Structure formats: C-alpha cells, structure tokens
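Here's the structure, in structure tokens; my notes come after.
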Amino acid sequence: MSSIYFIALPLLFGFATPLLAKLGKNGIAYVSTLMQAGLFLLALSLLLSTTWHVEVISIAPPLGISFVLNKASLFFVLLFTFMMMMFSFYYLGLRKTDPYKSEGKFFILINMLLAASIGLVLSSDIFNAYVFFEIAGVSAYILSAYRKTPKALEAGLKYLITGMIASIFLLLAITLIYIYLGSLNLAVLSQTFHTLPYNIKVLISLFLLIGFGFKVEIFPLNFWVTDVYEGSDSLVNALFSGIVVKSYLFVFFHILYLFMPHSEFSTFLIILGVVSMVVAEIVALKQTNLKRVFAYSSLGQVGFIFAVMASENVYALTAALFIVLAHSLAKMMIFFIITSIQRSYNSVNIEILKELNSPFLRVMLLLSMLSLLGIPLLAGFVGKFLALKSFAVSGEFIILAVIVIASLIESIYYFKITANLFSKDTKREKVLLTLSQKVVFSTLALLLIAVGILPWLFSGVINDAAHIMMDNAAYVQALMEVTQ
Amino acid sequence: MTGLIILATFIAVIVVAFATVIQKKLPDTIILFMGVGLGAVVLFFVFQAPDVALTEAVIGAGISSLIFLIALKQFKEVV
Amino acid sequence: MIETFLTYLNQDSTITAIVNICSMTLFFIGLFGLLTHRHILRIFISISIMEIAIFLFFIGNTFNKAFTAPLLGDGHTEFIAMNDPIPHAMILTAIVIGMAVFALGVSFAIEYYKLTGKTDINDMNEMGEL
Amino acid sequence: MNLKRDVSTRTYSGFALSALLVLTILNVLLQNVPEKVERAGEKLLTLNAQEGVANAVTTVVVFFRGFDTLGEIAVLFIAALGIGLMLSSYSIKEHKEESNFILQKASKLLFPIIVLFGVYVMIYGHLSPGGGFQGGVIIASGVLLLLISDQNFEVPHSIISTLETFAGISYVLIGLIGLLVIDNFLGNFLPHDISEMGMLLSGGIIPLVYIVVGIKVGSEMSLIVQHMIKRSDDD
Numbered sequence: 001m002s003s004i005y006f007i008a009l010p011l012l013f014g015f016a017t018p019l020l021a022k023l024g025k026n027g028i029a030y031v032s033t034l035m036q037a038g039l040f041l042l043a044l045s046l047l048l049s050t051t052w053h054v055e056v057i058s059i060a061p062p063l064g065i066s067f068v069l070n071k072a073s074l075f076f077v078l079l080f081t082f083m084m085m086m087f088s089f090y091y092l093g094l095r096k097t098d099p100y101k102s103e104g105k106f107f108i109l110i111n112m113l114l115a116a117s118i119g120l121v122l123s124s125d126i127f128n129a130y131v132f133f134e135i136a137g138v139s140a141y142i143l144s145a146y147r148k149t150p151k152a153l154e155a156g157l158k159y160l161i162t163g164m165i166a167s168i169f170l171l172l173a174i175t176l177i178y179i180y181l182g183s184l185n186l187a188v189l190s191q192t193f194h195t196l197p198y199n200i201k202v203l204i205s206l207f208l209l210i211g212f213g214f215k216v217e218i219f220p221l222n223f224w225v226t227d228v229y230e231g232s233d234s235l236v237n238a239l240f241s242g243i244v245v246k247s248y249l250f251v252f253f254h255i256l257y258l259f260m261p262h263s264e265f266s267t268f269l270i271i272l273g274v275v276s277m278v279v280a281e282i283v284a285l286k287q288t289n290l291k292r293v294f295a296y297s298s299l300g301q302v303g304f305i306f307a308v309m310a311s312e313n314v315y316a317l318t319a320a321l322f323i324v325l326a327h328s329l330a331k332m333m334i335f336f337i338i339t340s341i342q343r344s345y346n347s348v349n350i351e352i353l354k355e356l357n358s359p360f361l362r363v364m365l366l367l368s369m370l371s372l373l374g375i376p377l378l379a380g381f382v383g384k385f386l387a388l389k390s391f392a393v394s395g396e397f398i399i400l401a402v403i404v405i406a407s408l409i410e411s412i413y414y415f416k417i418t419a420n421l422f423s424k425d426t427k428r429e430k431v432l433l434t435l436s437q438k439v440v441f442s443t444l445a446l447l448l449i450a451v452g453i454l455p456w457l458f459s460g461v462i463n464d465a466a467h468i469m470m471d472n473a474a475y476v477q478a479l480m481e482v483t484q
Numbered sequence: 485m486t487g488l489i490i491l492a493t494f495i496a497v498i499v500v501a502f503a504t505v506i507q508k509k510l511p512d513t514i515i516l517f518m519g520v521g522l523g524a525v526v527l528f529f530v531f532q533a534p535d536v537a538l539t540e541a542v543i544g545a546g547i548s549s550l551i552f553l554i555a556l557k558q559f560k561e562v563v
Numbered sequence: 564m565i566e567t568f569l570t571y572l573n574q575d576s577t578i579t580a581i582v583n584i585c586s587m588t589l590f591f592i593g594l595f596g597l598l599t600h601r602h603i604l605r606i607f608i609s610i611s612i613m614e615i616a617i618f619l620f621f622i623g624n625t626f627n628k629a630f631t632a633p634l635l636g637d638g639h640t641e642f643i644a645m646n647d648p649i650p651h652a653m654i655l656t657a658i659v660i661g662m663a664v665f666a667l668g669v670s671f672a673i674e675y676y677k678l679t680g681k682t683d684i685n686d687m688n689e690m691g692e693l
Numbered sequence: 694m695n696l697k698r699d700v701s702t703r704t705y706s707g708f709a710l711s712a713l714l715v716l717t718i719l720n721v722l723l724q725n726v727p728e729k730v731e732r733a734g735e736k737l738l739t740l741n742a743q744e745g746v747a748n749a750v751t752t753v754v755v756f757f758r759g760f761d762t763l764g765e766i767a768v769l770f771i772a773a774l775g776i777g778l779m780l781s782s783y784s785i786k787e788h789k790e791e792s793n794f795i796l797q798k799a800s801k802l803l804f805p806i807i808v809l810f811g812v813y814v815m816i817y818g819h820l821s822p823g824g825g826f827q828g829g830v831i832i833a834s835g836v837l838l839l840l841i842s843d844q845n846f847e848v849p850h851s852i853i854s855t856l857e858t859f860a861g862i863s864y865v866l867i868g869l870i871g872l873l874v875i876d877n878f879l880g881n882f883l884p885h886d887i888s889e890m891g892m893l894l895s896g897g898i899i900p901l902v903y904i905v906v907g908i909k910v911g912s913e914m915s916l917i918v919q920h921m922i923k924r925s926d927d928d
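Protein chains in written order, with the numbering used here: chain A, 1 to 484; chain B, 485 to 563; chain C, 564 to 693; chain D, 694 to 928.
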C-alpha cells in the first residue's frame, strides 16, 4: 500500500479538472467528493495495518525525497481527508445561485489545498515541504479573493504579501541549513543539527520561526489573520481553520522536535503561545462581526495548541492532538453555520442571531461553542483537561492560571453570542438546509459528543500518534533503513 | 580574476538595486529592477550555474518585468 | 600591488566574504524598501529584490571556483570536480514559484485598483478596526 | 506637514530596523565560516551517470528531486488559474486602430524562430543548459510578441488549455506508471543506458518529463500573458 496516492490523486484531479468539467455542472462535484471519500476510507484502512511506511520518490533517502506515513502523520491525514469530505458534502447542498456553485475552478483549488496539506505532513524533505507550503499558500490566496469583492481582494492581497514574506524567510532558513549541513533530509538534519555553532542555530531557528510563525498565526505575526477571515467567505474559512493551520502546526513542531529536542527555546515558545491566546481573547470581546469573533477565537485556540505542543512531552502532545481534533470539528461546524446564516439572511453581524429561525442551527452553534469552551462531556473538554493536567504536573502554575483566565474571557463573548441566540425577538423566515448539510452537521455534532463521552475510543490512535511524533530515533531509523 | 568580476558585478547590482528602491517614478523603478535581474544573470554565470542564469534571464529579468510593465498601464495615477 | 590585490580577491575565503556581505546588503535594500514604501507594486519589487539576494547568497556560498558547471561537454566526460547541482535545482524551483506568486499578486492588485482606486496598502481598510 | 513627518519617521525606522537585522545576520555569518561538509549534491553527482543524462541539473530537477518540479508546476497551474479568474471577467473591446503593417509582418516572421528556439531549449534540456521551464517561457515570450504587435491576435484558448490539461495529467501518470512498473513514483522505467549518454534519445523518462513540463509551462505562461495584455488593452 502506498502513501503517495494521498498526494498524487488530488493533484491528478486538479490537473484533470478542465477535462472533467465536461461531465456537467454537478458531475465534477460528485467525482471530487467520491475521491475524497475514497482517500478517507484508504486512510481508515491503513489505520489497522500501518506502522511505518516510507514511500520513496525516484531515489532512496537521505538523498532524495520521500514520504513518511506513520501513526502521527496518519492521524493528520485522516483528519484532513475527513474534514475535506465533510466540506464537500456541505458544498453539495449549497443552492444553485451560490457564487461558489458550479465552478470547476473551485474544485481545483480545494483539491490542491488538500494535496498540499497532506504533502506538508508526509514529506521528509525540508525543501519539498517549502514547495508544498507554497502550493497551500497560493491556493489559499486565491480562495480568499475568490469572490472579487473589494473586501475579498483586500484579504487576498494581505494574505499574499504576508505569505511572500514568510516564504522568503523560510527559504533563507533552508539555504542556511543546506550551506552549513549539506543535506535537506529531516532525518539527517535531526542527527547533525546539534553540531552547529550556537549562533547559527539561533539564526536558523529564528528564520524558521518567522517563516512558519506567519502561517501558524502566532502572536506578533498574526495581525493579518482576522482581516483575511473577515474578507474571505465563511465557507473558505472553514477550510483555513479546519485544515490549513493544522498542517502548518504539525510541520513546525515536527521540525522543532526533530531539530532541537528539549531545546532551551521551549519556554519562550510556550510564552509566545499563551500571549497570543490572551491577546486574541481580549480583542475578541469588542467584535460584533461573527466571522471576526470566531477568527479571534481561532487565534486563541491556535495559541493554546502552540503553547501545549511547545512543552514537548508526550502527555502534553496527546492533549494537543485532542484539542486539534476538537477544534477542527467545532470550527468547521461554526463556519458552516455562519455560511448558512449568511446565505439566508445576507448578514454576519452578531445581532442577526436574535432573528435566527432555525432551532437546529441554534443547538448546533451552542454545542460547538460549548465544546470550544471545554465543557465536560464534549470534545473540547478532554484536550483542555489533559493540557491543564500536564501543565500542573510539570509545575508551571503561572501558565496554567493565565490559560484559565483566558478561557474565562472566552466564555464572556460566547455568553454574549448565546444571549443573542436565545432572545425572544421576532424571527425571520426559516433557514433552508438540505439533507446533506443536515447530515454534515449531525455527523460533526455526534463526533463532538462521542469524543467527549468516549475519549478512550480515540485515545489509542492519539496516544500512538503522540508517542511516535516524539520518537526521533524511530523516525531516523525508518528513513535510513530504506534502500532502493 | 573571478573574485574581481564577482566584486564588480555585485557592486553594480547593489547600486542599481538601491536606485530601484529610492527612485520616485514607478516606470523607472521597473526598468531599474530589470537591471538588477540582469546583474544577477551575470553573477549566476560566474557562479557556474548556467541553468539558473538562463532561468533568471527569461523569467526573473524577462517575463516578470514585463508583467510589471503591463500592470503599470492599469494604474492611471502613476507615482 | 594590483597583483597582490587580485590574488587576495581570488582566495576562496574572500569570495565567500564578498558574497555574504554583498548579498546581505542587497537583502537589506529589499527589506528597507519593503518597510518604507507603501505603493503595492513597489512592495512587490522590494520583495523581489530580497528573493534575488537570497538566490545569490545561496549559489554564491555553495560555489567552488575550481570546479566546473555540473554539465558534460567540452572535454568533460565524467561527473567529477563539478559544482553542486542541488542548489541550482532548488533556486530554479524557487525562481519559478516566486514569479508565479508575483504575477498572481499583481493581478490581485490590478483588480483591487479597478474596484476601489487604491494602490497604497495603508489605505486598505475595508475591514473593521483592530 | 504631518504626513511628511510620518514618511520620514518611517524611512528612518525602516532603515534602522532592517540594518539591525541584516548586520546581525552578517555578523553571525562572517564569524562562522561553514566547515567542509559532504553535501548531498556531491553524492548525487556520482549517481548521476547511472541515469545517462549529460546535464546534472536536469537530472536533479526532473528525477532526483522530481516531486519538487511536480509541485512547482502545480503552483504555476494554480497561479495561472487565479490570474485567469481575476482578469478574465471584462469584455474585450474591438480595436479600431491597427498597428503598423511592417511590425505585424515582422513579428509574424519572428514568431516561428522564437518557437523553434524554445523547442530547442526544451528538447536539449538533458544535454545542455535549459529545459522545460526556460523553453516554455521562451515560447510564451514569442506569444507575447504577437500579442503586443497585433491587437486582434488571440491565443486559441480552448486548444491551449486542453494541451495544458493533457500535459499535467501525463506528468502525474508517468509518475504512477513508474509506481506500477518499478514500484517507485516517478521512477525511471524506460531504458537509460550510460553508453547512450550525450545522445538525443538518452536518459529514459527524463527528457520526456521535461518536454511535458515545457508544454505545460509554455501554455500556462501564454495564457497568463494573454490575460494580462487583453486586460490592459481594455480601456
């Protein structure tokens, strides 16, 4: 069984779309959904068998490019393919008048985004990761600006300029790595990185932090994020927050763990994550635009994940992966709900929730917000509880207190939204939901509840993923053993 | 000799790049930017990288400057 | 006098130092332009200069003047004493990617200008405060 | 007045900030001269002869790091799509004034020569500097010449995009055939004898892939250029 299909098939689909467009308006959507569902099933089947699988491209590592599929990357592949499948199901239910409907180009972009996100997770070559970084970037810029309104174009331009600056610093880091270490393979680099002089090490890590920091939306470098979320369509935001950020987070910490295990920078990174969480939650209080509120909430959650992953132990990483799962599910659901509201009422202001005439959507929105907040018996609780526990065990009580305070602030604006949601104002006409959209919402909600009530169902996979992600020796061994 | 060529070309590139950045008129900026690309082509040749030089010549100095020039026609208030 | 200067310039360590200093100066010029200018095309040009600086830095640092280009012909029949081809391949990729992203950015800027008449990124404030 | 002070403050602070960053980088770089390490590229050079390709950069671009190139043409493909999306929605007006007769004829005369040169660069990519990207862009520059000289000229959009689609599909399919035949994505499954090195038909799939890349890049760049020019003639 080969892991290359996860990247090659979406790419092939993207290249072939102009031909497939002749299938008719809806045909291409069905084919794309089928392919994504197939990839998800493939990933599920691999869950039973795969331990380590290294896919060689052209020439064996450490010289060439190879893709490593292990329990850790498989977790992310599963998450991405599942999320993309949900996205496609939701898309199928959009009305015919929708600006995104019956557009072959849209499918090229989302499939390229899927290929690039999976490629980022699987690739074991740092320059290859840069290429996937760019593919994901370019498709995200176009998705942002897709509707060609001034707001959308402005979002696209801001995204593009920051993305360019990020890629320049990333390229600089990669060139320094190649000049000083003579290799691009992550396994080789993880063995030789500690031999570098201290100054060079700091320089390379600084450039990597700047390069990825723009993309993982960490505090001083995340000024552009909310504008992009507001300008682009909420349908697209579901992808940004559910898939793209998660793949960048994985790559950044994968490289960090491999290059500098238990580094002296981890405290700095934890503080960075916590600061970006607190700042985002405080600024979110003032917002009145739903997209902006949840963009800030996304920033806060990503900062939290960043801080937890930076503490570099297996328990924290398990917690972080639980939060990644819960956050992806909840945020995707929230942005779908906003899309449905926006398509029906043509507004995304927080006041519109007072007139929302759909008990189903109200319950769903409440459920996902409670999960984000970390209420027991919902998915968000498991991750948050484990994360706080791991901070408590390692004795970092200041950080723990700050996180708790940030969560309290978070609860204030969720409460504000909830108050709007259950006010007794006159309602507008009903929000139209098709069957497939209802199925998507119910599936996501069921998963949120299932992760909350039965965390042991998922903890096997996530524990394995966390253990393997921290296990540098196994990674190096798996890559070095491969021969053509 | 190589060292001298590298130093001289680099100084020329830096001067042109500086002029590009401080130039007030946008069309002149773009022409000067083309000059930076051409200097880079010479340097890539000296660095024994003919493939990169050819690519930079057709893409970096050629097509992308032309794209800038075409785009400039769009902006009516040329600064 | 000139002879000694030329031999000094031809030393490998001098060449590396020249490459480092000059390409970083170029990088500085690009960064300065990026931080100073507010016209959208100027920002793209500044970023372009930064990219060229990195390309020159990389190729210049991995280059050995005793070796030939990684290419057979003119009497070379074996792949020995040649410059490293990997940086060349990487920079080739990076140049094409950079050009593609620029063209895309320019098309966004054109479209944005047609709709709003703005070219200054400080004026780009369609979205809410903060 | 206020605005002017703003500009100068920004200039000085920008100067200081960038100078600080770059001086720090330079300081670190000059203090730590890289040691002699064995680079991956040197090992690849020794392996290069096995593929029977005279230009080592081509082998690295198309074969050893082939997936980078696949990703790269994916970036170009998406960017071309985005540019088409951005700039294509405006109606193209009829042009009243024709350009100079001599200019038109001369550029028509020059066009085949440029295309010939582009194809040469593309096909000889495994023997001499150049290859798919460079050749493709040279062909696109020929198209640019025609577009500038003759306002009524238009790239046959449907043919070009079909060509592009087939090139893209065949690149991935070549990779998948390699996976099926020798269990290696983008593996060199065609015969590539060392004795044939330097000949036009050498190197197995490498020239084939580079030609496919050239077709794809050429058609994408032509479309990009066409969108840009037609859009700017618009008003």
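Glycine included, C-beta positions come from ideal geometry on N, C-alpha and C. Note that the coordinates shown come from a computational prediction; the quantities given were computed from them, not determined experimentally.
Assigned with DSSP and collapsed to three states, Ser-670 (chain C) falls in helix. Annotation: the continuous alpha helix (DSSP H) that includes Asn-463 (chain A) extends over 455-470. Every alpha helix (DSSP H) of 4 residues or more that sits fully in the stretch 261-300 of chain A is shown, in chain order, as 266-284.
Under the three-state reduction of DSSP output, His-819 (chain D) falls in the helix class. Neighbours of Ala-772 (chain D) across chain A, judged by C-beta separation under 7 Å: Val-138.
Per DSSP, reduced to three states, the secondary structure at Val-482 (chain A) is coil, with no helix or strand assignment. When only Cα atoms are considered, Leu-556 (chain B) and Pro-511 (chain B) end up about 8 Å apart. Residue range 65-70 is occupied by the beta strand (DSSP E) that includes Asn-70 (chain A). For the stretch 17-48 of chain A, the residues whose beta carbon sits under 9 Å from a beta carbon of chain D are, in order, Thr-17, Pro-18 and Leu-19. Our two residues, Glu-55 (chain A) and Ser-73 (chain A), have alpha carbons roughly 13 Å apart in a direct line. Taking a contact as a CB-CB distance under 8 Å, the pair Tyr-248 (chain A) and Val-228 (chain A) does not count as one, their CB atoms being some 14 Å apart. For Phe-630 (chain C), the closest Cβ of chain A is not nearer than 9 Å. DSSP places Leu-47 (chain A) in the helix class (H, G or I) of the three-state scheme. Secondary structure at Ser-328 (chain A): helix, using DSSP grouped into helix, strand and coil. Per DSSP, Glu-217 (chain A) lies in no alpha helix (DSSP H) and is assigned neither H nor E. Put simply, the stretch 720-735 of chain D touches the stretch 645-655 of chain C. At least three CB pairs are less than 8 Å apart. Secondary structure at Glu-765 (chain D): helix, using DSSP grouped into helix, strand and coil. According to the DSSP secondary-structure assignment, Gly-636 (chain C) is paired through a beta bridge with C:His-639. At a cut-off of 9 Å between beta-carbon atoms, Leu-879 (chain D) makes no contact with chain C.
Taking 4 residues as the minimum length, the alpha helix (DSSP H) runs contained wholly in the stretch 73-127 of chain A are 104-122, in order along the chain. Listed along the chain, the chain D residues whose CB falls inside 7 Å of the CB of Thr-539 (chain B) are Phe-826 and Gln-827.
As computed with DSSP, Ile-57 (chain A) is found in a beta bridge with A:Ile-65 and D:Phe-878. With contacts defined as CB atoms closer than 9 Å, Leu-186 (chain A) and Ile-118 (chain A) fail to qualify as a contacting pair. Neighbours of Met-653 (chain C) in chain A, taken as residues at a C-beta separation under 7 Å, are given in chain order as Phe-127.
Distance from the CA atom of Val-348 (chain A) to the CA atom of Leu-714 (chain D), rounded to whole angstroms, is 42 Å.
Between Glu-410 (chain A) and Leu-373 (chain A), the C-beta spacing is below 9 Å. When the five nearest sequence neighbours on each side are left out, the beta carbons in the same chain lying within less than 7 Å of the beta carbon of Ile-904 (chain D) are those of Met-815, Ile-816 and Gly-825, in order along the chain. Val-500 (chain B) is not a Cβ neighbour of Ile-658 (chain C), given a cutoff of 9 Å. Under DSSP, Trp-52 (chain A) takes part in a beta bridge, and its partners are A:Asn-70. Counting along the chain, no alpha helix (DSSP H) covers Asp-886 (chain D), and no H or E run does either. Taking CB atoms only, Val-918 (chain D) has a neighbour in chain B less than 9 Å away. For Phe-757 (chain D), the closest Cβ of chain C is nearer than 9 Å. Straight through space, the alpha carbons of Ile-270 (chain A) and Val-830 (chain D) are spaced by roughly 47 Å. With a 10 Å radius around the Cβ and a threshold of 16 neighbouring Cβ atoms, Gly-907 (chain D) comes out buried. As computed with DSSP, Thr-702 (chain D) is found in no beta bridge at all.
The beta-carbon of Val-730 (chain D) is placed less than 9 Å from the nearest beta-carbon of chain A.
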